[in-house]
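Under the UniProt record's numbering, the first residue of the sequence shown carries the number 1, and numbering increases by one thereafter.
Even for Gly, the Cβ is constructed at its ideal location relative to N, Cα and C.
Before any comments, here is the structure.
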Amino acid sequence: MDNDCPFCAIIEGTAPALIVAETADTVAFLDRRPVFKGHTLVVPREHVVTLPELPERLLAPYFASVQGITRAITAGLGAQGTFVAVNNVVSQSVAHLHTHVVPRTKGDGLRGFFWPRTKYADGEAEQYAERIHAAL
């Protein structure tokens, strides 16, 4: 646990939150500033800052919780779908890994991704694919 982390405080029960689900490895609670009502954050109980730092032993339990919340939001709120997102460092408002699960309905006003799209120049996509592949 990180004493300065607001999500660790929620996990420990020392900060208020509307918790919707808990497992041995995760906690899910409503976002205080939701994109849409029902917007839920899923966090690992272990203080981990970014997805690349999440220990392999927690990958399956963590994403099983994300998957469960995704199902619950569509079933429980009548959402037609969800938007699921993780920020790593850039745009990460709290330095504790968290996955946003946002309920979606057609015509809700959310337009795809929140940023402009770009295009690859001829041959450039292959170069990016190779760079990523080489880093693996």
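Is residue i helix, strand or coil by DSSP?
i: residue 111; result: coil
i: residue 36; result: coil
i: residue 22; result: strand
i: residue 52; result: helix
i: residue 72; result: helix
So what does residue i bridge to, in DSSP terms?
i: residue 81; result: 104
i: residue 132; result: Partner(s): none; residue 132 has no beta bridge.
i: residue 29; result: 19, 41
i: residue 99; result: 42, 86
Thinking just about the alpha-carbon of each residue, which of the options is nearest to the one in residue i?
i: residue 102; options: 95, 79, 117; result: 79
i: residue 2; options: 39, 20, 95, 61; result: 95
i: residue 6; options: 23, 45, 22; result: 45
i: residue 83; options: 40, 89, 30, 56; result: 40
i: residue 58; options: 88, 26, 33; result: 26
i: residue 62; options: 32, 28, 9, 75; result: 28
i: residue 32; options: 93, 56, 121; result: 93
Between residue i and residue j, is the Cβ-Cβ spacing less than 9 Å?
i: residue 70; j: residue 85; result: no
i: residue 48; j: residue 11; result: no
i: residue 72; j: residue 24; result: no
i: residue 37; j: residue 77; result: yes
i: residue 81; j: residue 117; result: no
i: residue 189; j: residue 35; result: This structure leaves residue 189 out entirely; the chain is present only between 1 and 136.
Quick one: does the C-beta of residue i sit closer than 8 Å to a heavy atom of the ligand MG?
i: residue 75; result: Within the structure as shown, the ligand MG is missing, as the structure has no ligands at all.
Worksheet item: Does the pairing of the segment 47-54 with the segment 13-24 give three or more beta-carbon distances under 8 Å?
Response: no
Worksheet item: Between the segment 59-70 and the segment 125-135, do three or more beta carbon pairs fall short of 8 Å?
Response: no
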